[in-house]
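There are 2 protein chains.
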Amino acid sequence: MKRQVLIYGLIGGLLITVLKWTEYRFLVIEHSIEIYGALVAALFAGLGIWLGQTLTRKKPAVILKEVPTAAAGPFAADEMRVSELGITARELEILGLIASGLSNREIAGRLFVSENTVKTHSSRLFDKLGAKRRTQAVQIGKTARLIP
Amino acid sequence: MKRQVLIYGLIGGLLITVLKWTEYRFLVIEHSIEIYGALVAALFAGLGIWLGQTLTRKKPAVILKEVPTAAAGPFAADEMRVSELGITARELEILGLIASGLSNREIAGRLFVSENTVKTHSSRLFDKLGAKRRTQAVQIGKTARLIP
DNA sequence: TGCAAAATCACCCAAAAGGGTGACGACAAC
DNA sequence: GTTGTCGTCACCCTTTTGGGTGATTTTGCA
Numbered sequence: 312m313k314r315q316v317l318i319y320g321l322i323g324g325l326l327i328t329v330l331k332w333t334e335y336r337f338l339v340i341e342h343s344i345e346i347y348g349a350l351v352a353a354l355f356a357g358l359g360i361w362l363g364q365t366l367t368r369k370k371p372a373v374i375l376k377e378v379p380t381a382a383a384g385p386f387a388a389d390e391m392r393v394s395e396l397g398i399t400a401r402e403l404e405i406l407g408l409i410a411s412g413l414s415n416r417e418i419a420g421r422l423f424v425s426e427n428t429v430k431t432h433s434s435r436l437f438d439k440l441g442a443k444r445r446t447q448a449v450q451i452g453k454t455a456r457l458i459p
Numbered sequence: 312m313k314r315q316v317l318i319y320g321l322i323g324g325l326l327i328t329v330l331k332w333t334e335y336r337f338l339v340i341e342h343s344i345e346i347y348g349a350l351v352a353a354l355f356a357g358l359g360i361w362l363g364q365t366l367t368r369k370k371p372a373v374i375l376k377e378v379p380t381a382a383a384g385p386f387a388a389d390e391m392r393v394s395e396l397g398i399t400a401r402e403l404e405i406l407g408l409i410a411s412g413l414s415n416r417e418i419a420g421r422l423f424v425s426e427n428t429v430k431t432h433s434s435r436l437f438d439k440l441g442a443k444r445r446t447q448a449v450q451i452g453k454t455a456r457l458i459p
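Same order as they appear, the protein sequences are chains W and G.
If you're matching positions, the first sequence starts at 312 in the numbering used here and goes up one per residue.
If you're matching positions, the second sequence starts at 312 in the numbering used here and goes up one per residue.
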């Protein structure tokens, strides 16, 4: 912005000089008319700039660029915390299935075991996680990086 | 920048020519000063607009936006899909609370509404999401980027 | 101002989930 | 061979969740 003002000032000065030069060069009548013209010119040039800036102002064209932030790689459960909490492989498996939104019956069907088995597994799982609900177990499991 | 100076020179020359022309043309007419001023004003207004546009033209501002493909970042719900599914703000809020592992009663307490209200909200939410269980709703909500 | 959407609440009923207890077989470790 | 863990299953009971219906109040927008 500073450079603009500078350039504009220079141009204005140059302009006045030119006008004065034309005044001396082509002086026939009143020499005030050129100065008058220069003033008007400068004024309206400023106005023009302001107008051009104001009327045609468009928001900075935002170009969105996708930057993949840590594209989740193949997940691996945090072995540390798993053994820390004493969670068995079966329980972890069931936690994953719970997180994917399956009911106990669906889990039982998928693992070819009875629904009661799933319930005991999940019961012990919740106990180890300190969860009271399956949704809470999922939340805890995610923050503890037991599941993706 | 060089071309600008060139163009400016040309315009200056043209201007002088025009001025001379108008000078000769309307010299005989005594009341030409207003027309002269207006002409200069209009000309410089146009020039000002052009200048303002040219000098202050910014390159298309490319703003890199981190689009977390799979992880992290201050989360913002996918407005598109939210309105697409007809999910209201309240329902989205409750989805978030469900995802954080709260029971309906706890959600009701936190939002200062009755448990029944939470149940109707979640019921309609599951309907819109096509979920049968809250865990499934959470799973769908996460993959649809409705919740973190 | 008046309508439509959203938010609120109630009641009933069925299904799912969760807690507790007990039991049994397989398998590895001591 | 005893012990401990793991996976499996059953039964009972309570709590939570979900479905359906209806109604009232708030609110945003035309």
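For glycine and all other residues, C-beta sits at the position ideal for the given N, C-alpha and C.
- A straight-line Cα-Cα distance of about 24 angstroms links W:Val429 and G:Gly441.
- Nearest to G:Arg445 by alpha-carbon distance, out of W:Ala410, W:Gly397, W:Leu406 and W:Gly420, is W:Ala410.
- Between the segment 403-422 of chain W and the segment 398-415 of chain G there are fewer than three inter-stretch CB-CB distances shorter than 8 angstroms, so the stretches are not counted as touching.
- The beta carbon of W:Thr431 sits no closer than 8 angstroms to any beta carbon of chain G.
- Assigned with DSSP and collapsed to three states, G:Asp438 falls in helix.
- In the DSSP assignment, W:Val424 falls outside any alpha helix (DSSP H) and carries neither an H nor an E.
- Using a CB distance cut-off of 8 angstroms, W:Val424 does not count as an interface residue toward chain G.
- The residue among G:Val424, G:Gly420, G:Phe423 and G:Ile451 with its C-alpha nearest the C-alpha of G:Leu436 is G:Ile451.
- Within 10 angstroms of the beta-carbon of W:Asn415 lie 16 or more other beta-carbons, which makes it buried.
- Between G:Lys453 and G:Leu396, the C-beta spacing is not below 8 angstroms.
- With distances taken between CA atoms, W:Ala448 lies nearest to W:Ile398 out of W:Ile398, W:Met391, W:Pro385 and W:Ser394.
- DSSP places W:Ile451 inside the alpha helix (DSSP H), whose first and last residues are Arg445 to Thr454.
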